[in-house]
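Peer 1: According to my numbering, the residues represented by the sequence shown are 546 to 884, in order. By construction, the Cβ of each residue, glycine as well, lies at the ideal position given by its N, Cα and C atoms. Once you've had a glance at the structure underneath, I'll fire off some questions.
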Amino acid sequence: MKKHLLLSMLVISCSLFSFNTAYAKIHRVGYFGTPVHGTDYSTLQNAHDSATAGDTLLLFPGSWSATFTKKYVVIGYGYFVTGAGSNPNLQNITGAMTVTVYIDSTASGSTFSGLDGASIFAYYGNPVSNITISRCNGNVYFNNRTSSNWQVSECNLANLVYEWGGGIVSNLSVNNCYIGSLSLSAGAPNGQSGQFNNDIFNSCDLGNGAFLLKNDIFLFYHSNDLNCVYQNSIGNKDYSAIPATNGDQNITNAIMTTNVFVGYSTQGAFSNDGRWVLKAGSPAIHAGLGGTDCGIFGGTNPYKLSGIPNVPSFYLLTAPSTVTSTNPYTITFSVRSNN
546 MKKHLLLSML
556 VISCSLFSFN
566 TAYAKIHRVG
576 YFGTPVHGTD
586 YSTLQNAHDS
596 ATAGDTLLLF
606 PGSWSATFTK
616 KYVVIGYGYF
626 VTGAGSNPNL
636 QNITGAMTVT
646 VYIDSTASGS
656 TFSGLDGASI
666 FAYYGNPVSN
676 ITISRCNGNV
686 YFNNRTSSNW
696 QVSECNLANL
706 VYEWGGGIVS
716 NLSVNNCYIG
726 SLSLSAGAPN
736 GQSGQFNNDI
746 FNSCDLGNGA
756 FLLKNDIFLF
766 YHSNDLNCVY
776 QNSIGNKDYS
786 AIPATNGDQN
796 ITNAIMTTNV
806 FVGYSTQGAF
816 SNDGRWVLKA
826 GSPAIHAGLG
836 GTDCGIFGGT
846 NPYKLSGIPN
856 VPSFYLLTAP
866 STVTSTNPYT
876 ITFSVRSNN
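See below:
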């Protein structure tokens with residue numbers, strides 16, 4: 546019997562139920578199988594409006610959009626799991642996912658994990674704080690809102706951008722992420738702050754913000770963000786913001802196209818996120834603080850391929866189609882903790 550998304554997500558749902566029975570409920574969005582514990586909805590907005598703050602919203606393939614005014618835990622099934630550029634031995638996904646979420650201040654404290662095609666916005670008038678985004682594929686936008694204490698980790702992001710407005714992004718923590726475009730400068734005032742650890746940036750512009758960057762890799766464009774501090778990071782040019790020699794042992798003029806990663810600049814047979822594994826002899830190996838690797842697979846919480854959410858899941862089930870009455874009916878399954 547082949548592995549199926551339905552089986553994996555069903556077990557995730559049951560696992561979440563066992564963890565949260567006394568505290569919160571599970572609400573499935575787009576579930577197409579036999580009902581189990583929890584409640585099913587056809588739209589994310591309906592699930593949001595009907596559920597109670599603190600509940601879990603479990604998303605299946607589909608196109609979902611909602612304005613969040615309540616605190617929730619939102620979980621998907623990961624990304625790069627089937628098709629070109631995917632990682633092997635994961636769920637057999639039928640369909641695709643896109644998720645658009647606009648977060649109001651009353652949804653502060655929400656958590657998003659394992660989402661594909663995600664666009665997450667801090668969008669409304671009051672400050673939005675304590676948002677956790679982990680193992681997601683997509684975009685994060687700060688639009689005219691003061692946002693504090695956001696934690697973004699183990700994500701594959703096309704954009705992490707302050708688009709416009711007068712709000713301040715403070716105490717932002719971004720760890721073990723690939724980010725195509727990092728831009729926190731457009732229309733942003735002074736006072737932006739936070740840190741980036743073990744990330745990879747295709748382009749980076751932090752404007753007048755005061756950020757600490759450690760164990761990071763800059764593939765291409767980087768502005769001279771002179772209010773920032775760089776420690777044990779690697780760039781492809783000789784930026785004034787990352788001097789060739791200092792006490793933090795930054796590396797400049799690294800030849801990214803051939804020397805650093807297994808799948809850059811040509812991806813080859815590597816997955817969309819597996820391409821960022823360091824190749825043998827890479828200058829990023831052990832170049833980080835304390836001897837850790839630079840990039841998304843270094844540090845204390847390395848990037849997890851395909852962003853499978855941090856909940857247990859069955860990913861393989863086999864069972865005989867027939868059995869004699871004198872023999873036991875043996876079912877074999879495999880499970881991952883996904884920590």
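Between ILE800 and THR656, what straight-line distance do the alpha-carbon atoms span, to the nearest angstrom?
Peer 2: Just so you know, the alpha carbons of ILE800 and THR656 end up roughly 37 Å apart.
Peer 1: Per DSSP, what kind of secondary structure is TRP695 in: helix, strand or coil?
Peer 2: coil
Peer 1: Am I right that ASN743 and ASN721 are in contact with their C-beta atoms under 8 Å? What's the rounded C-beta distance?
Peer 2: 5 Å
Peer 1: Give, in chain order, every unbroken run of the alpha helix (DSSP H) that is at least 4 residues long and sits entirely within the region 747-817.
Peer 2: Taken in chain order, the whole alpha helix (DSSP H) runs of length 4 or more contained in the region 747-817 are 801-804.
Peer 1: Quick one: using the 10 Å Cβ neighbour count with 16 as the cut-off for buried, is SER658 buried or exposed?
Peer 2: buried
Peer 1: Excluding the 5 residues preceding and the 5 following LEU550 in the sequence, name in chain order all residues of the same chain whose CB lies nearer than 8 Å to its CB.
Peer 2: Note on LEU550: pLDDT 45, under 50, position unreliable in the model; no value is reported.
Peer 1: Kindly indicate which three-state DSSP category ARG680 falls into: helix, strand or coil?
Peer 2: coil
Peer 1: Note down the Cα distance separating VAL719 from SER866, rounded to an integer number of angstroms.
Peer 2: Taking C-alpha positions only, VAL719 is separated from SER866 by approximately 48 Å.
Peer 1: Can you tell me the Cα-Cα spacing of ASN855 and SER882, whole angstroms?
Peer 2: C-alpha separation (whole angstroms): 7 Å.
Peer 1: Who are the Cβ neighbours of SER631 in its own chain at under 7 Å, not counting the five residues just before and after it?
Peer 2: In its chain, beyond the 5 residues on either side, PHE625, SER816 have a beta carbon closer than 7 Å to the beta carbon of SER631.
Peer 1: Start and end of the beta strand (DSSP E) containing SER610?
Peer 2: 607-613
Peer 1: Tell me whether ARG820 sits in a helix, a strand or coil according to DSSP, three-state version.
Peer 2: helix
Peer 1: By Cβ distance, which residues of its chain are closer than 6 Å to GLY654, with the 5 residues on each side in sequence left out?
Peer 2: LYS616, ASN675
Peer 1: Please go through the region 571-635 and give each complete alpha helix (DSSP H) segment of 4 or more residues, from N-terminal end onward.
Peer 2: 589-595
Peer 1: Can you tell which of TRP821, ASP818, GLN776, SER595 has its C-alpha closest to the C-alpha of GLY836?
Peer 2: GLN776
Peer 1: Of the residues LEU705, GLY754, TRP609, which one's Cα is nearest the Cα of GLY736?
Peer 2: GLY754
Peer 1: Check whether the region 594-604 and the region 572-585 are in contact - that is, three or more C-beta pairs closer than 8 Å.
Peer 2: Taking a cut-off of 8 Å on C-beta distances, the region 594-604 touches the region 572-585, as three or more cross pairs fall below it.
Peer 1: Would you mind sorting HIS493 into buried or exposed? The rule is 16 or more other CB atoms within 10 Å of its CB.
Peer 2: Residue 493 lies beyond the range of the chain shown here (546 to 884); nothing can be said about it.
Peer 1: Using alpha carbons as the reference points, say which of TYR686, MET642, LEU751, SER587 lies closest to ASN704.
Peer 2: Of the candidates TYR686, MET642, LEU751, SER587, the one whose C-alpha sits nearest the C-alpha of ASN704 is TYR686.
Peer 1: Using three-state DSSP, classify THR871 as helix, strand or coil.
Peer 2: coil
Peer 1: Taking a contact to mean a Cβ-Cβ separation below 9 Å, would you say ALA663 touches THR643 in this structure?
Peer 2: Yes, these two residues count as a Cβ contact at 9 Å.
Peer 1: Check the DSSP bridge columns for GLY843 and list the partner residues they point to.
Peer 2: The partner list for GLY843 (beta bridge, DSSP) is empty, contrary to what the question assumes.
Peer 1: By how many angstroms is the C-alpha of PHE859 removed from the C-alpha of SER879?
Peer 2: 6 Å
Peer 1: I think THR612 touches TYR647, with their Cβ atoms under 8 Å apart; what is that distance to the nearest whole Å?
Peer 2: 5 Å
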